[in-house]
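Line by line, the protein sequences give chains A and B. Sequential numbering of the first sequence, starting at 1, is according to our numbering. Sequential numbering of the second sequence, starting at 1, is according to our numbering. A virtual CB, placed ideally from N, CA and C, is assigned to each residue, including glycine. In what follows, a single structure is set out as structure tokens and then discussed.
2 protein chains.
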Amino acid sequence: MILSKRITAMQESPIRKLVPFAQAAKAQGKKVYHLNIGQPDIETPSSFMEAVKNFDEKVLSYALSQGSPELIDGIRQYYAKHGMNFENDEILITNGGSEAILFAIIAIADPGDEILVPEPFYTNYNGFSSAVNVNVSPITCKAEDGFHLPSKKAIEEVINTKTKAILLSNPGNPTGVVYTKEEIQMLAQLAKEYNLFIIADEVYREFVYDGLEFTSFGEIKEIEDRVIIVDSISKRYSACGARIGSIASKNKELMKQILKLCQGRLCVPTLEQVGAVELYKTSDTYFNAVNQEYDKRRKIVYEALQTMPGVLCKKPTGAFYVVAKLPVDDAEKFVVWLLSEFDVNGETVMMAPAEGFYATPGLGKDEARIAYILNEDDLTKAMEILKIALEKYPNKTI
Amino acid sequence: MILSKRITAMQESPIRKLVPFAQAAKAQGKKVYHLNIGQPDIETPSSFMEAVKNFDEKVLSYALSQGSPELIDGIRQYYAKHGMNFENDEILITNGGSEAILFAIIAIADPGDEILVPEPFYTNYNGFSSAVNVNVSPITCKAEDGFHLPSKKAIEEVINTKTKAILLSNPGNPTGVVYTKEEIQMLAQLAKEYNLFIIADEVYREFVYDGLEFTSFGEIKEIEDRVIIVDSISKRYSACGARIGSIASKNKELMKQILKLCQGRLCVPTLEQVGAVELYKTSDTYFNAVNQEYDKRRKIVYEALQTMPGVLCKKPTGAFYVVAKLPVDDAEKFVVWLLSEFDVNGETVMMAPAEGFYATPGLGKDEARIAYILNEDDLTKAMEILKIALEKYPNKTI
């Protein structure tokens, strides 16, 4: 039986493909510190489960295709607090941010079209695009620049008549970069000049450190018909398993068209929306506490990395990730070695090799993403283990 | 801003597009009997919510991309009871049957490829296909034949080098047909001869009446590498709002490839899977009771339709739908008239015009789908109202 070219060409998740090695390590009795996935250990606000437990309808029936009116209104209010004025019919609820991205790509690009993405990028951007025959054109960003954008001219060189949009996460996964107001305005200008959409994945909006100002594409009035904001409660409220995301745009024709996709899959789970409504009522003090917690973890990781010879990493300023250049031959081999052949008193660490976050072949081979989603003690220990590992790894390059 | 050709070409849901007329009718104080949607009024087994309420983890974290091992095992056991022997890695959990169909289409067809679908069909087959640039080639079935399949030769005429699969629901939505063992074997033979996949949407497996035997494609050993079974708890356990579906195939390479799509969207909601595990433990007496209830409703609808002059409809034998040929100029206009200009003591009915269930232009214009998902009293009243409406409709054809 012959499968489709698009499915066989689709990249395997670089984050999940080394899981079997971790399982084998655990089967041998090793403790593995997971720095490879973005699953926070922060407690989900209890209001979610309380609302779910109070659900007392006898029939668990379909929700509306566009999403529950209460949840849409909650998200509208959330955006209003952040200076973005969406109307309720400019917001659709999706199965996680994932579905929001997939729907946005389908709605703005036909097979053979291209979407610009700063690399390294959230790997599923590539997966979704190739599943629906859209090509990712990478804008290469460098560890040496803290993964900030290259010049406008460099980006213009990648744009052609097939280019339909710029897709990016800000704050950045996997890099932890927070783009400056100037960078955002430069992209807005490019979108106008070249008639592009901007798909802005802003799920880490609250996770910005060092007092930096976060600029959303939703604040730039003159490009409001070309901005699509992708959002999710997964990281914001540590509710990854709820799979509640959303898509928002002032472009009403776009939203009307995406609604057809929403109708095609009928609806997003009823109960999860009931819970999510309450999460959007969470007070800002929650974010302050969570932000402080991540900030402490960020410092632990960043400062530890600075003490490791040959490691290059600019200070990350957002989300809860950092991509570090490591003094190894191949980060994937290094991670496999960490899991299969190395331990410190029965403990080891796992990271996500960064090669899969790049579209340009060969880039990122000596880089890895570290997610700082463990508590301070575990994180400190994990970084100590990483330091020893880099000293002992047989194929180190220094 | 220019949107993609594929999204603008995508058909709007024929089931949902008349909803504004129903809302207007209700705003005027009319009572509307909804025969237009497949939302059952049967209670969801309480075990679902009990399990959800007992969930007590502090962090609502990601589930595994392939689905919860407990749920997969529950589904494996369910299939085993039905004579199908899947292994656990031959089953993936999806966001409803909808996502299962979308993933199956992406995995077996590239842009420009074709999928054979008996028409009238579940309208979203067309929606999903066109969203990912796959064309539906209809196999036309007729009301006069009770929507059974045409001859093998007639089907062969639609097959060409672009044809990759046959996609069908059995028992049939919207027709209520249950294909005979001979029909299933004929399709299996075609699949072998022309090297096609079969995507078998069997979500109504339990809803078969008149003592008919249901034949699953999963029972035919010689084509097991080309059969993809799509399933869902939505109708089986009246849990439409849970959005839990699944995809099963003995073709391990196919499942490995579809897992990449599952990884791309990370996971299906954790809580819904916790509830669904319990549903799969529901005893068979539940199905017997539900089946009897639908059977009573089926008889009410079928017998009432037989008393309406000019209405053509063979007895439906499965699911909870029937497509009837009506003596009207245009079923969509008729439904709009029912909602906007007609009532019997302040009450009216709504059905789904069938034209949107066909891919062949012009077909189904005088047909409508009736879902028998109301209790006996309401259904009886609704059919009385329909009978009067057909007498009074100004553009009737008899």
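Selected residue, minimal CA-CA separation from residue i, among the options
i      : options                           : result
R407/A : D231/A, V59/A and L261/A          : This structure does not reach residue 407/A, given that chain A is present from 1 up to 398, and the question cannot be answered.
I108/A : P269/A, C240/A, K314/A and M255/A : M255/A
L279/B : A242/B, K296/B, F357/B and I300/B : A242/B
K152/B : G176/B, S246/B, L187/B and T215/B : L187/B
A331/B : P316/B, M350/B, T180/B and S216/B : M350/B
K418/A : A131/A, Y302/A and M308/A         : This structure cannot speak to residue 418/A, because chain A is shown only from 1 to 398.
S169/B : A143/B, F121/B and A191/B         : F121/B
H34/A  : E347/A, E391/A and P361/A         : E347/A
T462/B : N88/B, D329/B and P171/B          : Within the shown structure, residues of chain B are numbered from 1 to 398, placing residue 462/B beyond reach of any answer.
E90/B  : N160/B, L305/B and G74/B          : G74/B
M49/B  : G364/B, Y321/B and Y237/B         : Y237/B
T307/B : I166/B, D366/B, R265/B and L386/B : L386/B
R401/B : T282/A, I388/A, E206/A and I105/A : Shown here, chain B extends from 1 to 398; a query on residue 401/B therefore has no answer.
G211/A : L305/A, T317/A and S61/A          : T317/A
S61/B  : C313/B, R298/B and V268/B         : V268/B
G364/B : A24/B, T123/B and L261/B          : T123/B
Y321/B : P20/B, G356/B, N395/B and I37/B   : I37/B
Terminal residues of the beta strand (DSSP E) in which residue i lies
i      : result
S246/A : I244 to A248
S137/B : N135 to T140
L305/A : That residue, L305/A, is in no beta strand (DSSP E); its alpha helix (DSSP H) goes D284 to Q306.
V117/A : E114 to E119
F197/A : F197 to D201
L312/B : That residue, L312/B, is in no beta strand (DSSP E); it is neither H nor E in DSSP.
A324/B : Y321 to K325
N95/B  : I91 to N95
Y33/A  : K31 to H34
Cut-off 6 Å between Cβ atoms - residues of its own chain near residue i, not counting five sequence neighbours on either side
i      : result
N251/A : D225
K381/B : none
E119/B : P138, T140, Y358 and A359
I2/B   : none
I244/B : I233, E272 and A276
S47/B  : E278
Contacts around residue i, its chain only, beta-carbon distance under 7 Å, and the 5 residues preceding and following it disregarded
i      : result
C240/A : Q39 and S234
V274/B : A51, V52 and F55
D41/B  : I373, L374 and N375
K473/A : As displayed, chain A neither begins before 1 nor continues past 398, which places residue 473/A out of reach and without an answer.
V136/A : I115, V117, Y125, N126, S129 and A359
K162/A : G112, D113 and E114
Below-9 Å beta-carbon distance, residue i vs any chain E residue
i      : result
G310/A : Although the question refers to chain E, the structure presented lacks it and instead comprises the protein chains A and B.
Helix, strand or coil at residue i [DSSP, three-state]
i      : result
D366/A : coil
L168/A : strand
Y79/B  : helix
I7/A   : helix
A188/A : helix
P111/B : coil
V349/A : strand
G399/B : For chain B, the structure presents residues 1 to 398; residue 399/B sits outside this window and is missing.
A63/B  : coil
K396/B : strand
G318/A : strand
Range of the contiguous alpha helix (DSSP H) that encloses residue i
i      : result
L271/A : T270 to L279
V227/A : Premise fails: V227/A lies in the beta strand (DSSP E), V227 to S232, not in any alpha helix (DSSP H).
M383/B : E376 to K392
M49/A  : S47 to K53
V19/A  : V19 to A27
C262/A : K252 to G264
L338/A : A331 to S340
E43/A  : From DSSP, E43/A is part of no alpha helix (DSSP H); its letter is neither H nor E.
F128/A : N124 to A131
I155/B : K152 to E156
Cut-off 8 Å between Cβ atoms - residues of its own chain near residue i, not counting five sequence neighbours on either side
i      : result
A368/A : V323, A324, L326, A331, F334, V335, M351, A352, P353 and A354
K192/B : E222, I223 and R226
L149/B : P118, I139, C141, I155, Y179, E183, M186 and L187
Near the ligand HEM: residue i beta-carbon under 8 Å from a heavy atom
i      : result
E144/A : This structure lacks the ligand HEM, and indeed carries no ligand of any kind.
- Quick one, which residues of the segment 106-126 of chain A are near chain B if we go by CB-CB under 7 Å, in chain order? The residues in question are I106, A107, I108, A109, D110, P111 and N124.
- Query: Which residues, in chain order, does the segment 165-187 of chain A contribute to contact with chain B at a C-beta distance below 7 Å?
  - Reply: Listed by position along the chain: nothing, the set is empty.
- Query: Which of the residues in the segment 235-258 of chain A, read from start to end, lie with their CB under 8 Å from any CB of chain B?
  - Reply: Those residues of the segment 235-258 of chain A placed with their C-beta closer than 8 Å to a C-beta in chain B are S238, A239, C240, G241, A242, R243, N251, E253, L254, Q257 and I258, ordered along the chain.
- Query: Given a limit of 8 Å on CB to CB distance, which residues of the segment 313-331 of chain A reach chain B?
  - Reply: For the segment 313-331 of chain A, which is checked against every Cβ of chain B, not one residue is closer than 8 Å.
- Which residues, in order along the segment 55-69 of chain A, keep a beta-carbon less than 9 Å from a beta-carbon of chain B? In summary, the residues of the segment 55-69 of chain A whose CB is separated from some CB of chain B by less than 9 Å are F55, D56, E57, K58, V59, L60, S61, Y62, A63 and S65, in the order they occur in the chain.
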